[in-house]
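Top line first, the protein sequences correspond to chains L and G. With my numbering, letter number 252 in the first sequence gets 252, and the count goes up by one each step, no holes. With my numbering, letter number 265 in the second sequence gets 1265, and the count goes up by one each step, no holes. What follows is a set of notes on a single structure, which appears directly below.
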Amino acid sequence: MAPEDRLEIWVSRAGWTLAVVVALAAPLSMNGYHLYQATQVLIYMIALIGLNLLTGYNGQISLGHGAFFAIGGYGAAILSSRFGLPFWAAIPLASSVCFVAGFLFGFPALKLGGLYLALATFALAVAAPQILSYKGFDAWTGGAQGLQIVKLQAPAWTHLDPDQWIFVVALAAAALLVWVALNLVRGRIGRALVAIRDHGLAAETMGVDAALYKTTAFGVSALYAGVAGGLSAFAVGFVSPESFGLALSLAFLVGVVVGGLASVGGAIFGALFIEFVPNYADRLSMQFGESAKALPGAIYGLLLIAIMGIAPAGVAGLARALVRRASRLSL
Amino acid sequence: MTTRRTFLKTGAAAATILAAGGLRARAENAPGITATEIKIGQTMPYSGPASAYGVIGKVETAYFKMLNEQGGINGRKLNLISLDDGYSPPKAVEQVRRLVEQEGVAFFFNTLGTPSNAAIRQYLNDAKIPQLFVSTGSSLFADPAHFKWTVGYNPSYVTEAHIFAKHILTTKPGAKIALLYQNDGFGKDYQSGLKAALGANASQIVGEASYETSEPTVDSQVVTLQGSGADVLVIAATPKWAAQAIRKSYDLGWDATRYVSNVSISIATVLKPAGLEKSKGVITGNYGKDVTDPKFKDDAGVAQWKAFCDKYLSGSEFADLNASYGFSAAQTMAQAIKQCGDDLSRDNILAQATNIKDLALPMLLPGITLNTSPTNYNPIRQLQLSRFNGESWELFGALLTD
């Protein structure tokens, strides 16, 4: 093993350890508002890892993951508010529905490559809010009014308040899903996914069942989005068609690219970006006076361009490049 | 030595002191109130699909700035912290929590949008933080029995439907009514409001048709409604579909009295596309002054609004109905704060916001006044009917009260 590879693995392990320590310290040291934000970051991170499995590793672009996020959110909300299911049953059930939906959507996706697939999934994102407010589903979805969900209460023995509890739940889900994703991409399946992305025909001649891998990748990716959506429904305590607009799907793609394609760890940075940069842009624009209310969009855009200029392969790519350079210098 | 028991005892004692402090704090001023400042929170869709409403927050911020230059209210300056929620409920929850837990605002004012307000309502009511004069016409937000801390502002769609029903019953008893409505919260408020106000006469509704905002036209719905034999058509539709319904009903030669919802009264975006000649005779209910109406050319209230726009805004807001709405809402808020005097506890802020009596405002139509009470969370319950004469809206008849 080359020394720079060893260093890279070491840095990656240190990074994950640091992330876990920070995450475990969070519920003790943060107040409700910051914990809510931290929970949002974990939720986005789960969705981004899912999208990255599909887009980064398997090369299928999806602009419609907001729709799977919505199925997870509404599914969990309906199961908990209409059927009284606890969250630990509602979220896995709702995300299984997402897996099926994603798997089925994977079939038409087989026929559509590149930009055409991007457009088809884009349609999914556009349609989701309208389908959610469709009158035929009112009895289930609450129509345009949305659905309220009772706040999660922590079991008494934990002595946690609701904000801490939902954070712990999201953290556990994120840890499990990160572990699953790392095992997926580091093994035979990951190599098959990447091989299909890089050269589909060559992969098939090597005996990879491209159709099965691609549809399953879609299903697993949708499942991740569904878990994130379900957690989000419980964290916010409310779902409505406006919660899952087009902007959400686009934010996911931005997050994946900023974090770094084909990187599980990069999702943390992508999630931090889509959670905090819009707020930061809003605050920065206030420096320009009250009439500058149109500025946040422009500042957000400039920051995005700047990051893409500095780190074209995302934050994860930048980190990897820095580690390589450092190891070469030390030799 | 600290044993587990003494530790618990100290904890219990501390908790008692905290609780007692909490009780005493009730009569004290709310968080965010100092001797010189009142901190107010707000979320607005400055970005996203509803960003056209962002101007409301801008006008309100500017209005409070003007008050501050004049010395504030009862010696305190108003600090409105207005944050972007992009019309997304999860973002609205996040921003509201920031405003409560980080900025420490005393209360919320005119937060915009049905979904955002629905998402934050439970949190604010649990924490007993006033959510005042919310910017939506949904009937959800005037429910003092369940959500004591949430007070409405816009005349609700239900109010509007009630008033139309009253007018139909008095001017055309025995009328056969057809209703076209948008299939969402807005349209359904209208449907239920109309039926409730008709009461025993609800059977006079001979035809109902709904449409989805994804449908390209409502022509077939209008044809169906004409077939029901109705002689009154109530159009509870947003601009694009209202224009289609107005035009189609005219083209069919259907001689019905047409009522159109207040959200679709813009001459530029509804009546011109429908055809000005074809729009003649359409009736609506109104409460604000339209500055393009020649009748208000020399109106004192409009002059005041114009002067404010020129000095504190870019001037382009003058003809924007959303902007003048923000002007009125900010004045309503200022009135409630004025009434609070020196007692700025959250209880008293809510008490005063629900104790507004006969407040007339420069940009509301003459005769329209705002009233609230602990059981009435809909400040605007009057509308002035007006009829389109082919050029402009003509006010007619007396003010109607719900």
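Ideal Cβ placement from N, Cα and C applies to all residues, glycine included.
Item	Value
Cross-chain neighbours of G1086(G) in chain L, by beta carbon under 7 Å	A247
Where T1401(G) sits in the DSSP three-state scheme	strand
Members of the stretch 1091 to 1103 of chain G near chain L, C-beta cut-off 7 Å	V1093, E1094, R1097, R1098, E1101, Q1102
Chain G contact for A345(L) (CB, 8 Å cutoff)	Residue 345(L) is absent from the model: chain L starts at 1 and stops at 331.
Length-filtered (4 minimum) alpha helix (DSSP H) runs lying within the stretch 140 to 225 of chain L	162 to 186, 188 to 198, 200 to 205
Which of helix, strand or coil DSSP assigns to T1224(G)	helix
Counted within 10 angstroms of its Cβ, other Cβ atoms place L17(L) as buried (16 or more) or exposed	First, the residue type needs correcting, since residue 17(L) is Thr and not Leu in the sequence shown. Exposed is the call here.
Interface flag, D1402(G) vs chain L, CB-CB below 8 Å	no
Members of the stretch 1144 to 1162 of chain G near chain L, C-beta cut-off 9 Å	none
Interface residues of chain L facing L1383(G) [CB-CB closer than 8 Å]	Ordered by position in chain L, no residue passes the 8 Å Cβ test against L1383(G), which lies about 24 Å from the chain.
DSSP-derived helix/strand/coil call for F1393(G)	Before going on, a small fix: residue 1393(G) reads as Trp here, not Phe. In the structure shown, W1393(G) sits in a strand (DSSP, three-state: E or B).
Exposed unless 16 or more other CB atoms sit within 10 angstroms - verdict on F269(L)	buried
Limits of the unbroken beta strand (DSSP E) element including M1044(G)	1037 to 1044
Own chain, CB closer than 6 Å to N1348(G), minus 5 neighbours either side, in chain order	C1340
CB contact below 8 Å: S263(L) versus chain G	no
8 Å Cβ cut-off: residues of chain L touching A1118(G)	Q145, G146, Q148, F238, S240
Range of the contiguous alpha helix (DSSP H) that encloses N1348(G)	1346 to 1353
Delimiting residues of the beta strand (DSSP E) encompassing D1084(G)	1077 to 1084
Bounding residues of the beta strand (DSSP E) (the contiguous stretch that carries N1286(G))	1283 to 1286
Simplified DSSP state of N1029(G), which is helix, strand or coil	coil
Identity of the residues DSSP links to Q1382(G) by a beta bridge	T1401(G)
Collapsed DSSP secondary structure at E1103(G) in the structure displayed	helix
Contacts of L1140(G) in chain L (Cβ-Cβ under 8 Å)	Q145
Interface residues of chain G facing P296(L) [CB-CB closer than 8 Å]	Y1046, S1047, D1084
8 Å Cβ cutoff, Q1191(G) in contact with chain L	no
Opposing strand residues paired with G1207(G) [DSSP bridges]	A1178(G)
Beta carbon of Q1335(G) nearer than 8 Å to that of I1356(G)	yes
Residue nearest to A1398(G) in terms of C-alpha spacing, selected from D1255(G), T1171(G), G1152(G)	T1171(G)
Beta carbon proximity, Q40(L) to chain G, threshold 8 Å	yes
Residue-level contact to chain L via CB, S1135(G), 8 Å cutoff	no
is_contact[S1220(G), chain L] using C-beta, thresh 8 Å	no
C-alpha gap between S330(L) and V323(L), whole angstroms	11 Å
Cα-Cα separation, A127(L) to V1158(G)	29 Å
Per-residue contacts from G32(L) into chain G (C-beta, under 8 Å)	R1097, E1101
Touching by the beta-carbon criterion (3+ pairs, under 8 Å), the stretch 231 to 248 of chain L and the stretch 149 to 164 of chain L	yes
Distance CB(F252(L))-CB(A47(L)) smaller than 8 Å	yes
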